[in-house]
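In our numbering, the protein residues as written are 1382 to 1746. Read through the structure below, which is laid out as structure tokens, and then see the notes.
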Amino acid sequence: MGATLRGLDGREYIDFTSGIGVNTLGFADEGYIQAVTEQLRRFQHISNYYVSPVTALLAEKLTAVSGMDRVFFGNSGAEANEGAIKTARKYSYDRYGEGRSVIISLRDSFHGRTVTTLAATGQDKMHNIYFEPFTEGFRYIPMGDGAALEEALTADVCAVIAEPIQGEGGVNVMDDAYAALLRRLCAERDILLIFDEVQCGMGRTGRMFAYEYFGFEPDIVTLAKGLGGGLPIGAFLCSKKCSGVLTAGNHGSTFGGNPVSAAAAFYVINRLASEGFLTSVTEKGAYIKSKIAAASLPSVTEIRGKGLMIGIAVNADPKEYALRAAETGLLVLTAGSDAVRLLPPLNITYDEIDRGLAVLIETLK
Ligand SMILES: *Cc1c(COP(=O)(O)O)cnc(C)c1O
């Protein structure tokens, strides 16, 4: 229930993982169960030849809350990013023809596990020789280096893909000045800006989308993990600028927009949009950070992140801490080479937070 689990060993665990940022409303949320089962009683799938009302409602809601113009539904984060990449390349081809297909990606990013999204991922350890050849046309630059960015945006570039807060790579927050430069340079050169919010979107940071902190919108935003609250669904949203790029027959997905997943996502997004919900995410995040900081732990070198997407940098292997925490009843994740990562359900209670923090602080001592 909620953020409290009972293991096969009969022991109780506090869940600070949400199944890697997926279970937005934790386990066994009554409203969620009702929304999903009601749709299941109507129909579970009809194919995209016909209109699924709940999928249309979800599309309307997502475009309304994001300021984007159109949405395409798939099943995962990787599929959402694949769609974004295809849209960017076709946008450029339609306007400029061949030879403008390169996509710039940031070091320590993570964009998925398909052959193309692995190529889009800016981590050498993901580019294993046994999966070669990877999709061509990706180049990597370090996040935060304005000069490197300016130099990278050459005439053969059609898009930049980036996470406003890198998840797997270490809970690294893009700073506002770099984000503003990225937005400006992309706009000046008609390069599409793709924000991968698969992990940091859907209320995780205390805003519906992390890009809201920057005060501007990207051209494309991708979503998945927390969107369906535990059922598989991914999406990419396009601004007006690129909403006409893909037309019938260009792209598709058999299960995309599945009515049961869509009913789950529609319920999740309405809960996130309900009075005070996102504010409570911000407050819980600040509470967790302040408690960890107040414990003055010598092992902790930095606390990063926004809302309930938190990275605690430690001066030893974070995996060791994660294992030890699990042994004493708390589930946490790691990120990059140095961080313990917390992604609790967004409706976690303060009682659960306190019980989890007691274990975490003891573990980090
Ligand atoms: C998890 C993740 C993905 C990949 O999502 P899948 O659903 O596993 O394909 C892509 N981008 C980011 C930022 C992620 O965190």
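Backbone N, C-alpha and C define an ideal beta-carbon position, used for all residues, glycine too. The structure presented is a predicted model; accordingly, all values stated were derived computationally and were not measured.
Can you give me the start and stop residues for the alpha helix (DSSP H) that Asp1735 sits inside? For this step, residue 1735 is matched to residue 354 along the sequence shown. Looking at the DSSP string, the run of the alpha helix (DSSP H) that includes Asp1735 is 1731 to 1745.
With DSSP as the reference, please indicate the residues paired to Gln1547 in a beta bridge. As a first step, residue 1547 is located in the sequence shown; it is residue number 166 there, counting from the start. Paired residue(s): Asn1553.
Note down, one range per segment and in chain order, each alpha helix (DSSP H) of at least 4 residues found wholly within the stretch 1471 to 1537. 1496 to 1501, 1527 to 1533
Look at the alpha carbon of Val1403 and the alpha carbon of Glu1460, and state the distance between them as a whole number of angstroms. The residue you call residue 1403 lines up with position 22 of the sequence shown. The residue you call residue 1460 lines up with position 79 of the sequence shown. Distance between the alpha carbons of Val1403 and Glu1460 is about 16 Å.
Less than 7 Å between the CB of Phe1491 and some heavy atom of ligand 1, yes or no? By 1-based counting over the sequence shown, the position of residue 1491 is 110. Correct: Phe1491 has its Cβ closer than 7 Å to ligand 1.
Taking the continuous beta strand (DSSP E) assigned at Glu1393, which residues delimit it? Reading the sequence shown from its first residue, position 12 is the one you call residue 1393. Note, Glu1393: beta strand (DSSP E), 1393 to 1396.
Is there contact here, the stretch 1449 to 1465 with the stretch 1504 to 1512, by at least three beta-carbon pairs under 8 Å? no
Other residues of its chain near Ser1457: CB distance less than 7 Å, five sequence neighbours each side excluded: Along the sequence shown, read from residue 1 onward, the residue named residue 1457 stands at position 76. So the qualifying residues of the chain are Ala1605, Pro1613, Gly1615.
Give the range of the beta strand (DSSP E) segment to which Glu1683 is assigned. Your numbering for residue 1683 matches position 302 in the sequence shown. It spans 1681 to 1687 - the beta strand (DSSP E) in which Glu1683 sits, taken as one unbroken run.
CA-CA distance, Ile1353 and Ile1575? Because the chain in this structure spans residues 1382 to 1746, residue 1353 falls outside the shown range and cannot be described.
Are Leu1741 and Ala1694 close, meaning C-beta to C-beta below 8 Å? Working through the sequence shown from its first residue, we reach residue 1741 at position 360. Working through the sequence shown from its first residue, we reach residue 1694 at position 313. Cβ distance not < 8 Å, so Leu1741 and Ala1694 don't count as in contact.
Using the rule of at least 16 other Cβ atoms within 10 Å of the residue's Cβ for burial, across every protein chain shown, is Thr1628 buried or exposed? Taking the first residue of the sequence shown as position 1, residue 1628 is located at position 247. Classification for Thr1628: exposed.
With a threshold of 7 Å (Cβ to nearest heavy atom), would Glu1544 be considered close to ligand 1? Numbered from 1 along the sequence shown, position 163 holds the residue referred to as residue 1544. Glu1544 Cβ: within cutoff of ligand 1.
Between the CA atoms of Met1589 and Val1446 - distance to the nearest angstrom: Position 65 of the sequence shown, counted from the start, is the residue given in the question as residue 1446. Position 208 of the sequence shown, counted from the start, is the residue given in the question as residue 1589. Roughly 8 Å between the two C-alpha positions.
Closest to Leu1405 by C-alpha separation, out of Gly1551, Ala1654, Ser1482, would be which residue? On the sequence shown, position 24 is the one that residue 1405 refers to. Before going further, note that residue 1405 is Thr rather than Leu in the sequence given. It is Ala1654 whose Cα lies nearest to the Cα of Thr1405.
Any idea if Gly1359 is buried or exposed, counting beta-carbon neighbours within 10 angstroms, 16 or more meaning buried? As shown, the chain starts at 1382 and ends at 1746. That puts residue 1359 outside it, with no answer to give.
Is the beta carbon of Asn1553 within less than 7 Å of some heavy atom of ligand 1? As a working mapping, residue 1553 is identified with position 172 in the sequence shown. No, since every heavy atom of ligand 1 falls outside the 7 Å radius drawn around the Cβ of Asn1553.
Contact test: Arg1705 Cβ vs ligand 1 heavy atom, cutoff 7 Å: Taking the sequence shown and counting its residues from 1, one reaches residue 1705 at position 324. No - ligand 1 has no heavy atom lying nearer than 7 Å to the Cβ of Arg1705.
Identify which residue in Gly1637, Thr1663, His1426 has its Cα closest to the Cα of Arg1585. For the purposes of this step, residue 1585 is taken as residue 204 along the sequence shown, with counting starting at 1. Measuring from the Cα of Arg1585, the nearest candidate turns out to be Thr1663.
Return the CA-CA distance between Asp1600 and Glu1593, expressed in angstroms with no decimal places. The residue you call residue 1600 lines up with position 219 of the sequence shown. The residue you call residue 1593 lines up with position 212 of the sequence shown. Answer to the nearest angstrom: the Cα atoms are 13 Å apart.
Burial state of Ala1558 (16 or more Cβ within 10 Å): Translated into the one-based positions of the sequence shown, residue 1558 becomes position 177. The residue is exposed, with fewer than 16 neighbouring Cβ atoms inside 10 Å.
Buried/exposed call for Thr1497, threshold 16 Cβ in 10 Å: Here residue 1497 corresponds to residue number 116 of the sequence shown, with the count starting at 1. Buried, by the Cβ-count rule.
Taking the straight line between their C-alpha atoms, what separation do you get for Leu1745 and Gly1412? As a working note, residue 1745 is residue 364 in the sequence shown. As a working note, residue 1412 is residue 31 in the sequence shown. Going by the C-alpha atoms only, they are around 36 Å apart.
When we look at the beta-carbon of Gln1420 and count the other beta-carbons within 10 Å, is it buried (16 or more) or exposed? The residue labelled residue 1420 in the question sits at position 39 within the sequence shown. Under this definition Gln1420 is a buried residue.
Measuring alpha carbon to alpha carbon, tell me which residue in Arg1494, Glu1531, Gly1527 is nearest Phe1515. On the sequence shown, position 134 is the one that residue 1515 refers to. Of the candidates Arg1494, Glu1531, Gly1527, the one whose C-alpha sits nearest the C-alpha of Phe1515 is Arg1494.
Proximity test, Val1496 beta-carbon vs ligand 1 heavy atom, cut-off 7 Å: Position 115 of the sequence shown, counted from the start, is the residue given in the question as residue 1496. False, no ligand heavy atom lies under 7 Å from that Cβ.
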